[in-house]
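The listed protein sequences correspond, in order, to chains A and B.
Per the UniProt record's numbering, residue 1 is the first one in the first sequence, and the count goes up by one each step.
Per the UniProt record's numbering, residue 1 is the first one in the second sequence, and the count goes up by one each step.
C-beta atoms are modelled at their ideal positions from N, C-alpha and C, and glycine is treated no differently.
Remember, it's a predicted structure, so these values are computed and weren't measured experimentally.
Have a look at the structure below before the remarks.
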Amino acid sequence: MEVVSEAQAPDTVSGEEGRVRSGAAAEDKLVVRNLYKIFGNRPEVALQMLREGRDKDEILKETGQVVGVRDASFTVKKGEIFVIMGLSGSGKSTLIRLLNRLIEPSAGEVVVDGVNVAAMSKSKLLEMRRHDMSMVFQSFALLPQRTVLDNAAFGLEVRGVARDERERRAMEVLDQVGLASFAKSYPAQLSGGMQQRVGLARALASNPSIMLMDEAFSALDPLRRTEMQDVLVNLQREHSRTVIFVSHDLDEALRIGDRICIMEGGRVVQVGTSDDILERPADDYVRAFFRGVDVSKYMTAGTVAQKEQVTIFDRPEELVGGIHAALERLRLYDRDYGFVLDQHQKVLGVVSVESLIRCRETGAHRLRDALLPELGATVPSSLPIEDLIRIVVASPCPLPVVDENGRYVGAVTKTVLLTKLSKGVAP
Amino acid sequence: MSEFRLPLGEWVSLLVNWLQDDGSGIFEAIGTVVETFSGGIEDGLSAVPVWLFIGAVAALGLWRKGWAFAGFCVLAFGVIVTTGFWDQTVETLALIISATVISLLMGVPLGIWSASSKRVETIVRPTLDFMQTMPAFVYLIPAAMLFGLGRVPGVLATVIFSMPPAVRLTALGIRQVNKEQVEAGISFGCTPAQLLFKVQIPGAMPSILAGVNQTIMMALSMVIIASMVGAGGLGNDVLAGISRLDVGLGFESGLGVVLLAIMLDRLTESFGERRAKRPKRGS
Numbered sequence: 001m002e003v004v005s006e007a008q009a010p011d012t013v014s015g016e017e018g019r020v021r022s023g024a025a026a027e028d029k030l031v032v033r034n035l036y037k038i039f040g041n042r043p044e045v046a047l048q049m050l051r052e053g054r055d056k057d058e059i060l061k062e063t064g065q066v067v068g069v070r071d072a073s074f075t076v077k078k079g080e081i082f083v084i085m086g087l088s089g090s091g092k093s094t095l096i097r098l099l100n101r102l103i104e105p106s107a108g109e110v111v112v113d114g115v116n117v118a119a120m121s122k123s124k125l126l127e128m129r130r131h132d133m134s135m136v137f138q139s140f141a142l143l144p145q146r147t148v149l150d151n152a153a154f155g156l157e158v159r160g161v162a163r164d165e166r167e168r169r170a171m172e173v174l175d176q177v178g179l180a181s182f183a184k185s186y187p188a189q190l191s192g193g194m195q196q197r198v199g200l201a202r203a204l205a206s207n208p209s210i211m212l213m214d215e216a217f218s219a220l221d222p223l224r225r226t227e228m229q230d231v232l233v234n235l236q237r238e239h240s241r242t243v244i245f246v247s248h249d250l251d252e253a254l255r256i257g258d259r260i261c262i263m264e265g266g267r268v269v270q271v272g273t274s275d276d277i278l279e280r281p282a283d284d285y286v287r288a289f290f291r292g293v294d295v296s297k298y299m300t301a302g303t304v305a306q307k308e309q310v311t312i313f314d315r316p317e318e319l320v321g322g323i324h325a326a327l328e329r330l331r332l333y334d335r336d337y338g339f340v341l342d343q344h345q346k347v348l349g350v351v352s353v354e355s356l357i358r359c360r361e362t363g364a365h366r367l368r369d370a371l372l373p374e375l376g377a378t379v380p381s382s383l384p385i386e387d388l389i390r391i392v393v394a395s396p397c398p399l400p401v402v403d404e405n406g407r408y409v410g411a412v413t414k415t416v417l418l419t420k421l422s423k424g425v426a427p
Numbered sequence: 001m002s003e004f005r006l007p008l009g010e011w012v013s014l015l016v017n018w019l020q021d022d023g024s025g026i027f028e029a030i031g032t033v034v035e036t037f038s039g040g041i042e043d044g045l046s047a048v049p050v051w052l053f054i055g056a057v058a059a060l061g062l063w064r065k066g067w068a069f070a071g072f073c074v075l076a077f078g079v080i081v082t083t084g085f086w087d088q089t090v091e092t093l094a095l096i097i098s099a100t101v102i103s104l105l106m107g108v109p110l111g112i113w114s115a116s117s118k119r120v121e122t123i124v125r126p127t128l129d130f131m132q133t134m135p136a137f138v139y140l141i142p143a144a145m146l147f148g149l150g151r152v153p154g155v156l157a158t159v160i161f162s163m164p165p166a167v168r169l170t171a172l173g174i175r176q177v178n179k180e181q182v183e184a185g186i187s188f189g190c191t192p193a194q195l196l197f198k199v200q201i202p203g204a205m206p207s208i209l210a211g212v213n214q215t216i217m218m219a220l221s222m223v224i225i226a227s228m229v230g231a232g233g234l235g236n237d238v239l240a241g242i243s244r245l246d247v248g249l250g251f252e253s254g255l256g257v258v259l260l261a262i263m264l265d266r267l268t269e270s271f272g273e274r275r276a277k278r279p280k281r282g283s
C-alpha cells in the first residue's frame, strides 16, 4: 500500500502542475505585435525600407540606421517563464527593454493586460513600472552606496511607501531569497550570486505580475547559476508571476523556460516549447542552436580550448631558477603538466613535475632542459572535433592548441572535451 | 590691409563701461550679497580662538587621515602662527571658502545640466575652456571696474577661475554612472528628479568630490592673485614681498600658502577617496 501511495504522490503533483500551466495558457498576459526598433535619427526611412523587403545590412549602409528589432510578434501567457534566446547582437536585450520602454519602440504594440504600453502616457508608464513590471539586470545594477535592505526597498521607496512599511516588505523578500541576515551589508561585501539575489529581491518587493530578466544569471558561475535558476523557478511557482527571461545559454533556456523564443538578427525566428523547437526547428539557424550533433560539427579545437586549464610559463631563457618557480606553480595549481611558452606565446614544449624534479637534481638551470621530447605536439585551432578526439584520447597530458601563427590559444583535456560534447548532445 | 585692426579690445571695454553705467544697480546688489557672505565667513572664522581652530583641524585630520597628518596640521599651523601670518591665513581661508561655495552652487547644477543635454554641453564646454585659459589677471580688470576694489572683485574673479573643474567633473561623473544602474532606476519607476538624486548624483559622488577638491585648489591659487585688487589675505604679503624684493617676506607668506594648500588638498581629497572605495567589489 505504502509503495503505491508513494508512487502516486509525485504523479499527482506533476499532473497538477501541468494543469495549472495549461489552465493559465488561456490567458494572455503580454502580447507583442509587429514591434520594431530602429536606432538612428530617421527611423521612418528605415521602416519603409524594411517594408519593401530590404535587409538590415543594406539599410545600415544606405541610411546609417541600425535595425535593432524587426517585426517581432509573440504572446506570453500568464504565469509562464518565457525565455528569449539568441546570440549576442540578435536584438534580445533590445527587445526586453522595449517591453517596459527603457528603449522607446519605433513601431508596433506591447499589450499588457489589454493595455498598449507603447502608447501609454508618461504617468501611466511610471505607474506600471512601479507596480506591475520590474526588472533584473545582468550586472546586478545594485546601488553601491545603499545597504542590501535599502536596495531591496528601492522600488517601494520610489513609489513613496513609508520607511517602516517598505523595510518590512524588503525584509520579507530578502528572507525569501535567503539574505535576511545580510540586510545591513553593502553590495560590495557580497559575492556575485548573493548580489543577484538582492537584485531579485528588489524586483520582487513591489510584487509585480511581470518580471523582466536580462541575462540575469549570465555573470554567475555555473554552480550559482543553477542555484539561482532554482530560486527563480520556486518563487515563480509560488506566486505564478509571468517571467520574461533573456538568455544566450541553451542549458538555461531548456531548464527554466516553459516556452522559448529564438531571435536572430533582430527577428523572432521561432516561438515554442523546447520540444516543439527541437522536433520542428523553423530553419537551419534554430537547428544549429539546438541539435548537439550539428553543433559539434561546427566545433573545432579552438572553440573548446580553455585558457585556465594548464599553467603557463613565460620567457624561459631569462629565467634563472625558473625550474623552482615552475615546480611551485604546478604544485600551486595542482597540475602534473605545464606548457612552456616563449615571449611570443609560441609553445616550446611540455614539462612535467617529474621532468622538473629530475632537472633540479642534475643541476640544470634552464627550463628548456626539462622539456619532455616525446610530448608537446601542438594542435591547430581549426582542427575539427572529430579528429581531435583521437589525438586527445591518445595523449597522456593536455594538448596545447595554437592559432595559425603558432600562438597559444588554450588547452584541451579529455574532461574539457567530454563536457563540451555532452553539452552539445544533451537535449 | 595692414591698417585694419579689429577693435575687439575697444568693444569689450565699451561693454564693460556700459555695464558700469547702466547696470550699476545689479552689480551693487551682487556686490552686497557677496560682501555680506564672504565677510560673514571671515568674521565667523576669526571669531574662533586660534587653539580651538587648530584643534578642530587636527581632529578632522586625525579622523580622515590618521595621526601623522594630524601632527602635520598642528606643526603647519604652528609655523604660520609663529611667523605672524595667522590673521592673513584666516582671511585667505575665508576667501577660498566663499569663492568655493559660490563656485559649487553654480558649477554643480551646471554640470548636471550639461551632462543631460547635448546642446547645453556644446555651449558650456568652450565657455569653460575660455574661463580656464584666459590669463587669470585679466578677470581682475573688469571685476575691479564693476565692483570697485576689495574683497568682492577678488571673490568673483576667483569664482570664474575656479568653477570649471566643478562643472566638468560633475558632468563627467554623471555621464559615467553605470548604465544598468540608471536603467534600474528608470525601470523601477523613478521620475527624472528621483533618478538624479537617488541614482545619478550618488553614483557621480566620487567624481563630484574630486571636482570640489580641484575647485578649492584653483581658488587658492587665484585668491593670491586677487590680492592685486585688494582682496587681502596672504596674497598681500606675497605681493609686498615681490614689490619690495623682500625674499624673506615672500618666502614666509608663500610658505603659508603652501601649507594651507597641502592641508586643504589632503583633507578634501580624503572625502572623495573613501566614497570611491566602496563600490569596488570584493568576492
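* To do: Return the residue from the list A:Gly-349, A:Leu-388, A:Asp-258, A:Cys-359 that minimises the CA-CA distance to Glu-374 (chain A).
  => Comparing Cα-Cα distances from Glu-374 (chain A) to each of A:Gly-349, A:Leu-388, A:Asp-258, A:Cys-359, the minimum goes to A:Gly-349.
* Contacts of Gly-155 (chain A) in chain B (Cβ-Cβ under 8 Å) -> Here the neighbours are Phe-188, Gly-189.
* Within chain B, partners of Leu-143 (chain A) - CB distance below 7 Å -> Chain-order list of chain B residues neighbouring Leu-143 (chain A): Gln-181, Val-199, Pro-202, by C-beta distance under 7 Å.
* To do: In angstroms with no decimal places, state the Cα-to-Cα distance between Trp-113 (chain B) and Ala-171 (chain B).
  => In a straight line, the C-alpha of Trp-113 (chain B) is about 8 Å away from that of Ala-171 (chain B).
* is_contact[Ser-181 (chain A), chain B] using C-beta, thresh 8 Å -> Against chain B, the CB of Ser-181 (chain A) has no partner CB under 8 Å away; the residue lies outside that interface.
* Asked: Between Ala-210 (chain B) and chain A, is there a C-beta pair that is closer than 8 Å?
  -> Chain A contact via Cβ: absent.
* Asked: According to DSSP, what are the bridge partners of Cys-261 (chain A)?
  -> Residue pairing by DSSP places Cys-261 (chain A) opposite A:Ile-84, A:Val-271 in a beta bridge.
* To do: Let me know the alpha helix (DSSP H) ranges lying completely inside the segment 150–197 of chain B, each 4 residues or longer, listed in chain order.
  => Segments of the alpha helix (DSSP H) lying fully in the segment 150–197 of chain B: 151–176, 179–187, 192–195.
* Inter-residue spacing [alpha-carbon to alpha-carbon] between Val-246 (chain A) and Leu-232 (chain A) -> Using only the alpha carbons, I get a separation of about 14 Å.
* Asked: Where does Ser-90 (chain A) fall in DSSP's three states?
  -> Judged by DSSP in its simplified three-state form, Ser-90 (chain A) adopts coil rather than helix or strand.
* To do: Quick one: grab the DSSP three-state call for Glu-109 (chain A).
  => Strand at Glu-109 (chain A).
* Can you name the residues of chain A whose CB is closer than 9 Å to the CB of Ala-193 (chain B)? -> Under the 9 Å cutoff, chain A gives no residues; its nearest Cβ is about 11 Å from Ala-193 (chain B).
* Quick one, which of A:Ser-106, A:Ser-206, A:Asp-342, A:Thr-300 has its alpha-carbon nearest Asp-387 (chain A)'s? -> Here the closest residue by C-alpha is A:Thr-300.
* Asked: From the beta carbon of Val-158 (chain A), is the nearest beta carbon of chain B less than 8 Å away?
  -> Yes, Val-158 (chain A) lies at the interface with chain B (some Cβ there is under 8 Å from its Cβ).
* Gly-338 (chain A) lies in the alpha helix (DSSP H); which residues open and close that run? -> Not the alpha helix (DSSP H): Gly-338 (chain A) falls in the beta strand (DSSP E), residues 337–341.
* Output the boundary residues of the alpha helix (DSSP H) element that contains Arg-125 (chain B). => Segment 118–133, the alpha helix (DSSP H) holding Arg-125 (chain B).
* **Euclidean distance between Cα positions of Gly-272 (chain B) and Ala-68 (chain B)** => Using only the alpha carbons, I get a separation of about 20 Å.
* To do: Under 7 Å Cβ to Cβ from Ala-136 (chain B), same chain only, skipping five residues before and after it: list those, please.
  => Answer for Ala-136 (chain B): Phe-161, Met-222, Ile-225, listed in chain order.
* Using a cut-off of 8 Å between C-beta atoms, extract the partners of Ser-139 (chain A) located in chain B. => Under the 8 Å cutoff, chain B gives Asn-178, Glu-180.
* **Residue range of the unbroken alpha helix (DSSP H) whose run includes Tyr-139 (chain B)** => Counting along the chain, the alpha helix (DSSP H) containing Tyr-139 (chain B) begins and ends at 136–147.
* **Cut-off 6 Å between Cβ atoms - residues of its own chain near Arg-159 (chain A), not counting five sequence neighbours on either side** => Excluding positions up to five away in sequence, the list reads Arg-130.
* What whole-angstrom Cβ distance do Pro-105 (chain A) and Leu-35 (chain A) have, given they're in contact under 8 Å? -> About 6 Å separates the two Cβ atoms, so the contact holds.
* is_contact[Glu-6 (chain A), chain B] using C-beta, thresh 8 Å -> With a pLDDT of 36 at Glu-6 (chain A), under the threshold of 50, the predicted position of this residue should be treated as unreliable, though the coordinate-derived value follows. Not an interface residue.
* Test: Met-135 (chain A) CB closer than 8 Å to a CB of chain B -> By this cut-off, Met-135 (chain A) is an interface position.
* For the segment 78–111 of chain A, enumerate the residues whose C-beta is nearer than 8 Å to any C-beta of chain B, in chain order. => So the close ones are Arg-97, Asn-100, Leu-102.
* **Beta bridge counterpart(s) of Val-350 (chain A) as assigned by DSSP** => A:Phe-339, per the DSSP bridge assignment.
* Asked: Taking 8 Å as the CB-CB cut-off, is Ala-184 (chain B) touching chain A?
  -> With its beta carbon less than 8 Å from one in chain A, Ala-184 (chain B) belongs to the interface.
* Touch test, the segment 223–243 of chain A against the segment 65–79 of chain A, Cβ-Cβ under 8 Å, three pairs minimum -> With the cut-off at 8 Å, the segment 223–243 of chain A and the segment 65–79 of chain A touch.
* **Helix, strand or coil at Tyr-285 (chain A) [DSSP, three-state]** => Here Tyr-285 (chain A) sits in helix by DSSP.
* To do: Under the assumption that Gln-132 (chain B) contacts Leu-169 (chain B) (Cβ atoms under 8 Å), give the Cβ distance between them as a whole number of angstroms.
  => Their Cβ separation, rounded to whole angstroms, is 13 Å, which puts Gln-132 (chain B) and Leu-169 (chain B) out of contact at 8 Å.
* To do: Determine the extent of the alpha helix (DSSP H) in which Phe-140 (chain A) is found, giving its start and end residues.
  => That residue, Phe-140 (chain A), is in no alpha helix (DSSP H); it is neither H nor E in DSSP.
* To do: Provide the residue span of the beta strand (DSSP E) that contains Met-211 (chain A), from first to last.
  => It spans 210–214 - the beta strand (DSSP E) in which Met-211 (chain A) sits, taken as one unbroken run.
* Below-8 Å beta-carbon distance, Leu-200 (chain A) vs any chain B residue -> Chain B has no Cβ within less than 8 Å of the Cβ of Leu-200 (chain A).
* Asked: What residues of chain B sit near Arg-130 (chain A), judged by a beta carbon separation below 8 Å?
  -> Simply Phe-188, Gly-189.
* To do: Leaving out five residues on either side along the sequence, give the residues of the same chain with a beta carbon under 6 Å from the beta carbon of Gly-107 (chain B).
  => Answer for Gly-107 (chain B): Met-163, Ala-166, Val-167, listed in chain order.
* Coil, strand or helix - Gln-20 (chain B) by DSSP -> DSSP, read as helix, strand or coil, puts Gln-20 (chain B) in helix.
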